[in-house]
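Structure, as structure tokens:
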Amino acid sequence: MFNFENENDVPNVSTPPKKRKRTWLKILIISVLALVIISGATVLGYYTFLPAKYVLMAAGYASTTKSYDLVDKSLTQYENYNQTLLNTTIQKETKMGLSLDKSFIEQFTPGDEADDIIKAINNTSLKYDFAVDYKNKKFTTSIGLNFLLNPILTARFSFDDTKFSMGVDELTNKTLTGDIKKLSTLSRFSPETPTERLEALEKIDPWASSKLVEEIKFDRRDIKNLMFNYSKVVMDSISDDDMSIKRGVSTDVLDKTVKCQEITLKLDTESQKKIALNILEMLKTDDSFYNLTLANLDTYFKILGESSYMGESLEEFDFRDNLSKEKYLEFLSLMEKEIEQLENMGVLEMKLYVDGLDIVKYIVSYEDTSSVADDTVLIVEQRINGQSFDYKLTIGTEIDGEIYNSVMSIKRDYDDAKDLNDIFFKLDLLGNSKDQLKASISFESDEESKGKGEIKHTIVCNTDFEQPTTNEKVSIKLTLDGDKLRNSKNLVTESDYKGKLSISVPSEDFDFSEFGFYVKTETVYGEEIIIPEPDEIIDIETATEEDFIKLYEEVYSRIGSLSQLMGAF
0 MFNFENENDV PNVSTPPKKR KRTWLKILII SVLALVIISG ATVLGYYTFL
50 PAKYVLMAAG YASTTKSYDL VDKSLTQYEN YNQTLLNTTI QKETKMGLSL
100 DKSFIEQFTP GDEADDIIKA INNTSLKYDF AVDYKNKKFT TSIGLNFLLN
150 PILTARFSFD DTKFSMGVDE LTNKTLTGDI KKLSTLSRFS PETPTERLEA
200 LEKIDPWASS KLVEEIKFDR RDIKNLMFNY SKVVMDSISD DDMSIKRGVS
250 TDVLDKTVKC QEITLKLDTE SQKKIALNIL EMLKTDDSFY NLTLANLDTY
300 FKILGESSYM GESLEEFDFR DNLSKEKYLE FLSLMEKEIE QLENMGVLEM
350 KLYVDGLDIV KYIVSYEDTS SVADDTVLIV EQRINGQSFD YKLTIGTEID
400 GEIYNSVMSI KRDYDDAKDL NDIFFKLDLL GNSKDQLKAS ISFESDEESK
450 GKGEIKHTIV CNTDFEQPTT NEKVSIKLTL DGDKLRNSKN LVTESDYKGK
500 LSISVPSEDF DFSEFGFYVK TETVYGEEII IPEPDEIIDI ETATEEDFIK
550 LYEEVYSRIG SLSQLMGAF
């Protein structure tokens, strides 16, 4: 193998220093090569150095890590916000009203009356107030109609633990009070009403919502297990022979052309069954999925059953029993038997596109030879950057020669430093044929800092339906544009919005153009909530039939006076 010209060319292998020198040289070379390989794999996404399965494993782990971080931080924000609200008092005042133009009113009334109607409507406002203290179980709310800032009719309601009070000041000076746990005492006034109905209403817990927030948990260990371990199960279930890789393939990802590594998986019936059975086996031995879904759902219905009249219905249909761990395992065993018997499921082909260490696109096509669906395609495009993300889901299917497409896009741009959210959502239902109905729904919310806690906020909602055969189109557009003010805890203390609702429908009789409205809010946190003691009360537990007759007569009399007053306008 080696050809040495003379004796001097033969290395002296017996010299210890040279041997040690070569040993260190080998270690150095191996270390450098390892560093280059690792660096190249990191920078190039394992493209040049590793086969398809290892590329997919590395990209899958990196993408799952990003997804988990997104879920973890988003849930933490949600939980912190809820805890802040549960541990402080909130008092909020909301005022809203309409702003109409003459052209809109003239479609419904003669022009000489339109001016007076517009003036009356524009001077009328709706006022809604509420205050809540979850820790001390105090709640009060009122909703009223005002004209020129003067109240016309105001209904009020409050809870102090389970004790309630309600009244309408413009109709009576009296306040109806009682304990929700003693509603069945009202049966003495209405013997024909089944006592069971009132007893069921006594189970209502006004504070069930706070219990739900406190008791429904999303354990991070369960989320992590679900995201990472199940990905590993899927990966381990796929044979190397079922996948291939292409380098430098151009593809469109979220409206941009990107060069990626394309990994193709082709799974026959047995391969699909293997993956499904391995997932089911893990679902049986690992509680993560059950804890996050059915266990939380069971908690929800447990609280609902204990705190509402629906409790007996839930017990009657054994609803919670069907959410038990035992029933869950029985269902998984049944699914295993069903899957084992499946035959001729068709070929499932999946293409995954890896950019760097991110899986940015999936294309899943399924040819089902046993149904009328000739081909079904699912395309997922995604980018994740911290708490910002961009997803696009496309589902296309061909049935009896007709192609149907659904496209859903959801995007969030989050500014962590300023706690600002830009959110976009759109759902398109499209048909390939000219005579198929097209529908589109979208929502967009943009926030922009104006400094010192002030934020400019814009919301746009669109709904469109189009029938190509008749060229008829229905459009509904809602816009809100305004400012909101936050305190040091990023809680909104003031907001002022102006809105516009535009409606366009194919009609010869009306032109539903648009009308405006406004919404203003003021919120105070941390101040003690005091429920005022009413001057005159009617307690449901001690009131007589005569008391209720007098109350009815007083309310009826004032309604007549109020009707005359409203007629004057």
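Position one of the sequence shown corresponds to residue 0 (the working numbering), numbered consecutively onward. The beta-carbon is built from N, C-alpha and C at its ideal position, and this holds for glycine as well.
Exposure of Glu527 is indicated by the presence of fewer than 16 other C-beta atoms within 10 angstroms of its C-beta. Excluding five sequence positions before and after Asp218, the CB atoms of its chain that fall closer than 8 Å to its own CB belong to Asn290, Leu291, given in chain order.
Closest option to Thr171, judged by alpha-carbon separation, among Ile151, Leu49, Leu550: Leu550. For Ile475 against Thr462, the beta-carbon gap comes to about 4 Å, under 8 Å, which counts as contact. Val363 and Ile237 have their C-alpha atoms some 15 Å from each other.
Your pair Ile244 and Ala57 does not check out as a contact, with CB atoms roughly 12 Å apart and the cut at 8 Å. Fewer than three Cβ pairs drawn from the region 76 to 83 and the region 246 to 256 lie within less than 8 Å of each other, which leaves the two stretches out of contact.
Residue pairing for Ser62: DSSP places it in no beta bridge. Residue environment for Ala416: exposed (fewer than 16 other C-beta atoms within 10 angstroms of its C-beta). The alpha-carbon separation between Asn145 and Ser405 amounts to approximately 46 Å.
Non-local beta-carbon contacts of Thr108 in its own chain, meaning distances under 7 Å to residues more than five positions away in sequence, involve Ile116 in chain order. Remark: C-beta atoms of Lys437 and Leu429 approach each other more closely than 9 Å. Residue environment analysis places Lys483 among the buried positions, since at least 16 neighbouring C-beta atoms fall within 10 angstroms of its C-beta. Burial is judged here by how many other beta carbons sit within 10 angstroms of a residue's own beta carbon; Gly177 has at least 16 and is buried. In the structure shown, the three-state DSSP call for Arg411 is strand. By the Cβ rule, the region 337 to 355 counts as touching the region 268 to 285, because three or more pairs are nearer than 8 Å. Under the DSSP assignment, Glu191 falls outside any alpha helix (DSSP H); it carries neither an H nor an E label. Inclusion of Glu348 and Tyr361 in the CB contact set at 9 Å is not warranted, their separation being larger than that value. Sixteen is the threshold: since fewer than 16 other Cβ atoms of the shown chains lie within 10 Å of the Cβ of Ile529, the residue is exposed. When only Cα atoms are considered, Lys216 and Asn295 end up about 7 Å apart. One alpha carbon belongs to Lys455, the other to Thr268, and they sit about 55 Å apart. Inter-residue distance for Asp168 and Gly559 is about 15 Å (C-alpha atoms, whole angstroms). For Ile539 against Leu200, the beta-carbon gap comes to about 12 Å, at or over 8 Å, which does not count as contact.
Residue pairing by DSSP puts Val491 in a beta bridge opposite Arg485.
Taken in chain order, the unbroken stretches of alpha helix (DSSP H) that lie wholly in the region 196 to 265 and span 4 residues or more are 207 to 214, 219 to 223, 229 to 236.
In this structure the region 83 to 99 lies against the region 111 to 127, because at least three pairs of beta carbons, one per stretch, are closer than 8 Å.
Residues Arg319, Leu322 of the same chain have their beta carbon placed closer than 7 Å to that of Asp297, with the five preceding and five following residues left out of the count.
Closest in alpha carbon position to Asp357, among Leu49, Tyr60, Leu182, is Tyr60. Between Val379 and Leu392, the CB-CB gap stays under 9 Å. In this structure, Glu105 is the residue among Lys72, Leu69, Glu105 with its C-alpha nearest to the C-alpha of Glu513.
Counting only residues of its own chain and dropping the five nearest sequence neighbours on each side, Val459 has a CB closer than 6 Å to the CB of Glu443, Thr478. A straight-line Cα-Cα distance of about 22 Å links Glu471 and Phe103. From the listed residues Ala130, Glu112, Ile120, the smallest Cα separation to Leu84 is found for Ala130. Taking all protein chains shown into account, Phe138 has 16 or more neighbouring C-beta atoms within 10 Å of its C-beta and is therefore buried. Under the DSSP assignment, Leu351 falls in the beta strand (DSSP E) whose first and last residues are 346 to 354. Around the CB of Ala119, fewer than 16 other CB atoms lie within 10 Å, so the residue is classed as exposed.
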